[in-house]
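Residue numbers (the numbering used here): 3 to 324. All C-beta atoms in this analysis are idealised placements derived from N, C-alpha and C, irrespective of residue type, glycine included. Worksheet for the structure shown next.
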């Protein structure tokens, strides 16, 4: 009877092996007992015949002829052969029983090893499921945080658009005032200065009534630009981290667990290189500001040489704003 080791549990496999070995041992013992019983019966018959002959010899005082003596010697030789054969059969059956015991012990060891391996695989499976759950939770949290940051960034961009529109209007107004002031310079010198007569409160009231008055200072505009750049950099870092977790999850799904002893996982946290810090601290704010084209697949090491020239060009444009 063939039994698949993959379709039965270790306990059932062990019990089946023990039952089969026990059945084989009982079969061997039954055969041995039958043969031994036959031999013992034959020995008893021979002994009975020997007793009868001895009794006949004791009652009859006759001289054995040479033929009778040879016949008696032949009967004794036959008994010795039967005893020798019986001993050989018993020794053979004893060796078979010992071999079956050794085989049964090896089967028990195999069953224990399989059970230990199953326990290790179950533990590995549990750890992997826990890690997958943690990674999925982190991914969901990152996605939610990304959505919130994108919404916040969109509102900031709208505010920036409004600020830029107001700034353009202010520049146009200033340019018109400068041109008008240059044309009417002589007339302004001849006429009495009415601005000196106005008080500060009246000037403030006029400024408040002006619909094109500046509503934000230059420092506030710089702060908004800086905050927008930081948010874009943070969104980019979150996208990179999300891609990293997704690739790690795909690798764990395609990886097959090995039956070898469990290898302790190495910590994945590594110190950040100086080049990467340079990319994230210097170049990424310019990417977020729109000075460099936004490239989510930016590889810092391969594109560093080409970005150095752009970096120095952007410094010239960046520092006057700061």
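If you draw a straight line from the Cα of residue 49 to the Cα of residue 30, it comes to about 28 Å. Residue 219 carries a coil assignment under DSSP once its states are collapsed to helix, strand and coil.
A Cβ-Cβ separation of about 7 Å places residue 165 in contact with residue 226 under the 8 Å criterion. For residue 148 against residue 237, the beta-carbon gap comes to about 6 Å, under 8 Å, which counts as contact. Between residue 247 and residue 240, the alpha-carbon positions lie close to 11 Å from each other. The segment 131-141 makes no contact with the segment 45-60, as fewer than three CB pairs between them are under 8 Å.
Taking all protein chains in view, the Cβ of residue 15 is crowded by 16 or more other Cβ atoms within 10 Å, so the residue is classified as buried. Straight across, the Cα-Cα distance linking residue 242 with residue 110 is about 52 Å. Here residue 184 carries a helix assignment [DSSP, helix/strand/coil]. Residues of the same chain with a CB within less than 7 Å of the CB of residue 37, apart from the 5 flanking positions on each side, are 91 in chain order.
The C-beta of residue 230 has 16 or more other C-beta atoms within 10 Å across all chains shown, which makes the residue buried. Runs of beta strand (DSSP E) with 3 or more residues, each lying fully within the segment 126-175, are absent. For residue 60, the three-state secondary structure derived from DSSP is helix. When rounded, the separation of the alpha-carbon atoms in residue 83 and residue 116 is 49 Å. Residue 120 is positioned such that its CB atom lies closer than 8 Å to that of residue 12. Of the residues assessed, residue 235 falls on the buried side of the cut-off, its CB having 16 or more other CB atoms within 10 angstroms. Judged by their CB atoms, residue 251 and residue 113 are not nearer to each other than the 8 Å cut-off. DSSP places residue 22 in the helix class (H, G or I) of the three-state scheme. In the three-state reduction of the DSSP assignment, residue 11 falls in the coil class. In this structure residue 23 is in contact with residue 106, their Cβ atoms being roughly 5 Å apart against a cut-off of 8 Å. Contact between residue 151 and residue 233 holds: their C-beta atoms lie close to 6 Å from each other, under 8 Å. With respect to the 8 Å criterion, residue 27 and residue 99 are classified as neighbours on the basis of their beta carbons. Scanning its chain for C-beta atoms nearer than 8 Å, with the 5 sequence neighbours on each side dropped, one finds around residue 158 the residues 226, 229, 230 and 233, in chain order. In this structure, residue 34 and residue 95 form a Cβ contact; the two beta carbons are roughly 5 Å apart against a cut-off of 8 Å. Nearest to residue 163 by C-alpha distance, out of 223, 52, 60 and 129, is 223. Of the candidates 102, 43 and 52, the residue whose Cα lies closest to the Cα of residue 88 is 43. Relative to the Cα of residue 102, the nearest Cα in the group 221, 219, 21 and 220 belongs to 21.
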